[in-house]
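Trainee: Numbered according to our numbering, the sequence shown spans residues 7 to 297.
C-beta atoms are modelled at their ideal positions from N, C-alpha and C, and glycine is treated no differently.
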Amino acid sequence: MSKRAPPPPTKPPHLTSPATTPSNPPHTSPHPSPKRGLGWPWDYPGSHFTLYTTDSSSPSPISWLFNWELWVPPGLPPSMEWVPTIRTAAQIPDLVPFLTDITSNQNIKISHLLGFNEPEIPSQANLSVDEAVRLWRQHVLPAKSRFGVRLGSPGMSSDMSLSTPWLDAFFAQLGEDHGVDFLVLHWYGTSFAAMRRFLQDMQERYRLPVWLNEFACTDMGGAGVGEEGVRGFMREAVRWLEGCAWVERYAWFGNGQGGTVGEWVGKENGFCEGVGEGEKLTGVGRLYLQL
């Protein structure tokens, strides 16, 4: 049942930040991190995983990944936990059949499930609160109980003018029976301080642990911040995310469909180069493994 769904829709630019962030010294050696993960494009072959796995004397810090889908990416290393995602309402009919096949026939353990991808954004899941609540009650909460998983909220963008009204109404309609175990957030901008404030504001508002499933240092299609700017932002962000008690997991947006993260996020954030012909990690990709 590993049917390939279409890729996630192209993202619109939302919240940007003009500020830049100074860099911090890097950590000196890679180490396994229960927090650090990857967003994995639907069209990546299994061979790409070799970029993120190392020999046993220096284990990869990547412990988990998601691919915005309900099917397991081919070539998934046993050292990485895969987390399924109900990307849009179109995936609802596949939810129980796919997870049943994965857990029963493929013998893959599932411990977490992610909700809709940016339902407040028209080009993403694009769901009204009423429709999302209906699907949540009828399908998502029963799946949580059936498979015994921890449930992530719908993944919300960093545009709080859209995300907080939507999420406020979502929780209000569901009441105490919302079943959400952790808050899933996305953030794109150039200021680490702004990202930290956003995460703190959202955690204080909803009183839930946080997964930062998409983030990058980008001015969203502008002139770009340059590789050194990205490196400085990454060092500061990863250090804080690793040390923050209520941040459970995070994943840099460094891999995109067709081997590029796209103009909207900027190639300096990308982890791979030479896709399809002797792939290798970029300097930023290597740094993500080394911090």
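1) From residue 241 to residue 297, what does the alpha carbon distance come to, in whole angstroms?
2) Could you compute how far the alpha carbon of residue 167 sits from the alpha carbon of residue 173?
3) Rounded to a whole number of angstroms, what is the C-alpha to C-alpha distance between residue 278 and residue 181?
4) For residue 183, count the other beta carbons within 10 Å of its own beta carbon; 16 or more makes it buried, fewer makes it exposed. Which is it?
5) DSSP puts residue 279 in a beta bridge; with which residues?
6) For residue 42 versus residue 67, is the C-beta distance shorter than 8 Å?
7) Evaluate residue 210 with the Cβ neighbour count: other Cβ atoms within 10 Å of its Cβ, from every protein chain shown; 16 or more gives buried, anything less gives exposed.
8) What number of angstroms, rounded off, separates the C-alpha of residue 243 from the C-alpha of residue 200?
9) Taking the alpha helix (DSSP H) that residue 256 falls in, what are its first and last residues?
10) Residue range of the alpha helix (DSSP H) that residue 102 falls in?
11) Which same chain residues, not among the five before or five after residue 305, have their C-beta less than 7 Å away from its C-beta?
12) Out of curiosity, what's the CA-to-CA distance linking residue 300 and residue 260?
13) In chain order, what residues of the same chain lie with their CB nearer than 7 Å to the CB of residue 83, ignoring the 5 residues before and after it?
14) At 4 residues or longer, and completely inside the stretch 160 to 224: list those alpha helix (DSSP H) runs for me, N to C.
15) Note down the Cα distance separating residue 162 from residue 141, rounded to an integer number of angstroms.
16) Please report the straight-line C-alpha distance between residue 117 and residue 271, rounded to a whole angstrom.
17) To which residues of the same chain is residue 135 closer than 7 Å at the C-beta, ignoring the five residues directly before and after it?
18) Please state whether DSSP places residue 152 in a helix, a strand or coil.
19) I'd like to confirm the pairing. Which residues does DSSP put opposite residue 292 in its beta bridges?
20) Could you give the DSSP three-state label for residue 88: helix, strand or coil?
21) Under a Cβ-count criterion, where at least 16 other Cβ atoms within 10 Å of its own Cβ denotes burial, should residue 111 be classed as buried or exposed?
22) Please classify residue 203 as buried or exposed, where buried requires at least 16 other C-beta atoms within 10 Å of its C-beta.
23) With burial defined as no fewer than 16 other Cβ atoms inside 10 Å of the residue's Cβ, what is the status of residue 165: buried or exposed?
24) Could you check what DSSP says for residue 113 in three-state terms: helix, strand or coil?
Mentor: Taking the coordinates as given:
1) Translated into the one-based positions of the sequence shown, residue 241 becomes position 235. Translated into the one-based positions of the sequence shown, residue 297 becomes position 291. Going by the C-alpha atoms only, they are around 7 Å apart.
2) The sequence position of residue 167 within the sequence shown is 161, counting from 1. The sequence position of residue 173 within the sequence shown is 167, counting from 1. In a straight line, the C-alpha of residue 167 is about 11 Å away from that of residue 173.
3) Mapped onto the sequence shown, residue 278 falls at position 272. Mapped onto the sequence shown, residue 181 falls at position 175. If I take the Cα positions, the gap works out to 43 Å.
4) Against the sequence shown, residue 183 aligns to sequence position 177. Classification for residue 183: exposed.
5) By 1-based counting over the sequence shown, the position of residue 279 is 273. BP columns for residue 279 point to 286.
6) What you label residue 42 is simply residue 36 of the sequence shown in a count that begins at 1. What you label residue 67 is simply residue 61 of the sequence shown in a count that begins at 1. Taking a C-beta distance under 8 Å as the contact criterion, residue 42 and residue 67 qualify as a contact pair.
7) Position 204 of the sequence shown holds residue 210. Result: exposed.
8) Position 237 of the sequence shown, counting from 1, holds the residue named residue 243. Position 194 of the sequence shown, counting from 1, holds the residue named residue 200. Those two C-alpha atoms are separated by around 11 Å.
9) Position 250 of the sequence shown, counted from the first residue, corresponds to residue 256. Unbroken run through residue 256 is the beta strand (DSSP E), 253 to 258; no alpha helix (DSSP H).
10) Indexing the sequence shown from 1 puts residue 102 at position 96. Element bounds for residue 102: 101 to 106.
11) Outside the displayed span of the chain (7 to 297) sits residue 305, for which this structure offers no information.
12) Since the first residue of the chain shown is 7 and the last is 297, residue 300 is not available in this structure.
13) Taking the first residue of the sequence shown as position 1, residue 83 is located at position 77. Excluding positions up to five away in sequence, the list reads 55, 59.
14) 166 to 180, 198 to 212
15) The sequence position of residue 162 within the sequence shown is 156, counting from 1. The sequence position of residue 141 within the sequence shown is 135, counting from 1. Straight-line Cα distance between these residues: approximately 17 Å.
16) Stepping through the sequence shown from its first residue, residue 117 is reached at position 111. Stepping through the sequence shown from its first residue, residue 271 is reached at position 265. Taking the straight line from one Cα to the other gives about 30 Å.
17) Residue numbering aside, residue 135 sits at position 129 when the sequence shown is read from its first letter. Cβ neighbours of residue 135 beyond the five flanking positions: 172, 175, 176, 179.
18) By 1-based counting over the sequence shown, the position of residue 152 is 146. It is helical.
19) Mapped onto the sequence shown, residue 292 falls at position 286. Answer is none; residue 292 lacks a bridge partner.
20) As a working mapping, residue 88 is identified with position 82 in the sequence shown. It is a strand residue.
21) Counted from its first residue, the sequence shown places residue 111 at position 105. Residue 111 should be labelled exposed.
22) Within the sequence shown, the letter at position 197 stands for residue 203. It counts as exposed.
23) For the purposes of this step, residue 165 is taken as the residue at position 159 of the sequence shown. Residue burial annotation: residue 165 is buried, with at least 16 other C-beta atoms found within 10 angstroms of its C-beta.
24) Numbered from its first residue, the sequence shown carries residue 113 at position 107. If DSSP states are grouped into helix, strand and coil, residue 113 belongs with coil.
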